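Visitor:
Residue numbers (UniProt numbering): 1 to 558.
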């Protein structure tokens, strides 16, 4: 419930359960008053109607806003300022003190307990989009740690002060290990080159390196641009960390999960190799096959999926680093690109090389579109496999019921005893998301304008999201579903011998038309195929028994 009151110069003061919105419309006459409020923010009196309310110890961000506003007003702004402050306790943490950091736009207040600097703070203010759930993926942050460590190592060969270089390497290692994740608050939805996240990494590493050496944060003893970002541009660092993050996720998460799933499906195809069942095409009865043969199809789909994603790796192992702003390598030394690729390869134990063409590496992300396409294919495969398994396991009494799926949890809040194929449902939802991510990656990949693609953060986020989801869901599906699948032999046999499509084996003997008549008669009169064949006089009992043998209908004849 919201209450609003008129309160003099404070146009509106409103409370909600989780958010306070304060809108302040200030004229020229308030310039000095605001400066005073910025100084004495500890206790502020707001007159709401005829009631005096003393608000003590306002949130530090409120104080900082007044401080910044007072500086702007005292600088000579003649325009009326409309300031909106939003506080959400569920999505932002607040510091109790601030320090001043500077960039080319001037000074700005940064929380004292955070390692980031001015450009990160400006990005926080300028791109308040989506909240914490939309933050730059952790694999990108860790990859920045790897890259900046390797850059410092190589730059020391080209004259970077070893004291500074060693401190940068130590700080970057902390980033790579995830120890400084709380200092990377920026969201995906920012500049399309990822510049703000590159500077976030530069600032955090610079401030941490300065601390390691024995200097204060914010003093720029270790400079984020001149030292941490030396011989680099956001335009080549961000695509480089995209490739590092993606390949590490593929090798450490996706491929191992898919290989485990492939192995379990293959085991099931061997376990079920002698169970003859009825096949289905168009969801209708077809000719027989074994349950093992059916599972061998799933096994091969996953195998080919693994092959496809592995096939994309050679392009992902090419790094853009060394191209700098537009691909020419301006402000680097000869050999820097090859040396930093080798350093990253050594650090990650993956075969990274410098990109064959830096202009392509900055202006396009075809390697990511290609990889996302492979993931899209895997998603299509897993969607088919999961749907087949849940349909074959439908029942337990009124469905197909050929498979018995593991019972992991209650399935209904109202129907007692109900158990659902939840792992199949989770996997198919993941597949839908991956397919959607591929559409976004495709659109992003097509938006390379001249010398730079400016959809980099979104492309990276979508691909990494797909990799994580497919890796995790494949592992969950294997562990909680496929591993425990059993064949319902009794149900399989019953459906097999009731199928009208066993009549197909009569084609070579009596021809298609007479065989069709036998099937139609059996279906219309509710009798067996044998009874229909005898009634129509197309076969003797002995010939029928000799020809209609499901176990002999599983492959080519001799």
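Just so it is clear, CB atoms sit at the ideal spot from N, CA and C, and this is done for glycine as well.
Note that this is a predicted model, so its numbers are computed, not measured.
#1: Just to confirm, are residue 300 and residue 269 a CB contact at a threshold of 7 Å?
#2: Identify every residue that forms a DSSP beta bridge with residue 106.
#3: Does DSSP put residue 129 in a helix, a strand or coil?
#4: Along the beta strand (DSSP E) that carries residue 554, what are the first and last residues, could you check?
#5: The beta strand (DSSP E) that contains residue 279, what's its start and end?
#6: Give the single residue among 394, 250, 510, 518 whose Cα lies nearest to the Cα of residue 348.
#7: So the alpha helix (DSSP H) residue 561 belongs to, where does it begin and stop?
#8: Output needed for residue 339: all residues of its chain with C-beta closer than 6 Å, excluding positions within five of it in sequence on either side, in chain order.
#9: Look at the alpha carbon of residue 183 and the alpha carbon of residue 114, and state the distance between them as a whole number of angstroms.
#10: Please go through the segment 463-523 and give each complete alpha helix (DSSP H) segment of 4 or more residues, from N-terminal end onward.
#11: Give the C-beta separation of residue 438 and residue 376 to the nearest angstrom, bearing in mind that I take them to be a contact with Cβ-Cβ under 8 Å.
#12: Counting along the chain, where does the alpha helix (DSSP H) carrying residue 300 start and finish?
#13: First and last residue of the alpha helix (DSSP H) that includes residue 112?
#14: Please report the distance separating the alpha-carbon of residue 468 from that of residue 236.
#15: Can you tell me whether residue 549 is buried or exposed? The criterion is at least 16 other CB atoms within 10 Å of its CB, across all chains shown.
#16: Using only CA atoms, which one of 295, 276, 248 lies nearest to residue 263?
#17: Leaving aside the five residues before and after residue 403 along the sequence, list all residues of the same chain whose C-beta is less than 8 Å from its C-beta, in chain order.
#18: Give the DSSP-derived three-state secondary structure of residue 196 in the structure shown.
#19: Relative to the C-alpha of residue 292, which residue among 303, 275, 282, 281 is closest?
#20: Once the 5 residues before and after residue 199 are set aside, which same chain residues still bring their CB inside 6 Å of it?
#21: So for residue 376, helix, strand or coil by DSSP?
#22: Which of helix, strand or coil does DSSP assign to residue 542?
#23: Comparing alpha-carbon positions, which option in 311, 101, 139 lies nearest residue 465?
#24: Look at the alpha carbon of residue 387 and the alpha carbon of residue 380, and state the distance between them as a whole number of angstroms.
#25: From the DSSP secondary-structure annotation, give me the bridge partner or partners of residue 453.
#26: So, with DSSP's three-state summary, where would you put residue 167?
#27: For residue 557, count the other beta carbons within 10 Å of its own beta carbon; 16 or more makes it buried, fewer makes it exposed. Which is it?
#28: Candidates 239, 201, 241: which alpha carbon is nearest residue 223's?
#29: Can you tell me which of 536, 425, 499 puts its alpha carbon nearest to the alpha carbon of residue 514?
#30: Which same chain residues end up closer than 8 Å to residue 210 when comparing Cβ atoms and leaving out the 5 residues on each side of it in sequence?
#31: Mark residue 346 as exposed unless 16 or more other C-beta atoms lie within 10 angstroms of its C-beta, in which case mark it buried.
#32: To the nearest angstrom, how far is the alpha carbon of residue 354 from that of residue 109?
#33: In chain order, what residues of the same chain have a beta carbon less than 6 Å from the beta carbon of residue 530, not counting five sequence neighbours either side?
#34: Go ahead and label residue 148 buried or exposed: buried means 16 or more other beta carbons lie within 10 angstroms of its beta carbon, across all protein chains shown.
#35: Which same chain residues, not among the five before or five after residue 491, have their C-beta less than 7 Å away from its C-beta?
#36: Quick check: residue 473 and residue 427, are their CB atoms within less than 7 Å of each other?
Guide: Per the coordinate set shown:
#1: no
#2: 103
#3: coil
#4: That residue, residue 554, is in no beta strand (DSSP E); it is neither H nor E in DSSP.
#5: 276-281
#6: 250
#7: There is no way to answer for residue 561, as the model of the chain reaches only from 1 to 558.
#8: 154
#9: 6 Å
#10: 489-498, 507-510
#11: 4 Å
#12: 291-316
#13: Segment: none, residue 112 is in no alpha helix (DSSP H) and carries neither H nor E.
#14: 24 Å
#15: exposed
#16: 295
#17: 389, 392, 393, 485, 486, 487, 488
#18: helix
#19: 275
#20: 119
#21: helix
#22: helix
#23: 139
#24: 11 Å
#25: 448
#26: helix
#27: exposed
#28: 201
#29: 536
#30: 167, 216, 217, 219, 220, 221, 222
#31: exposed
#32: 39 Å
#33: 544
#34: buried
#35: 401, 402
#36: yes
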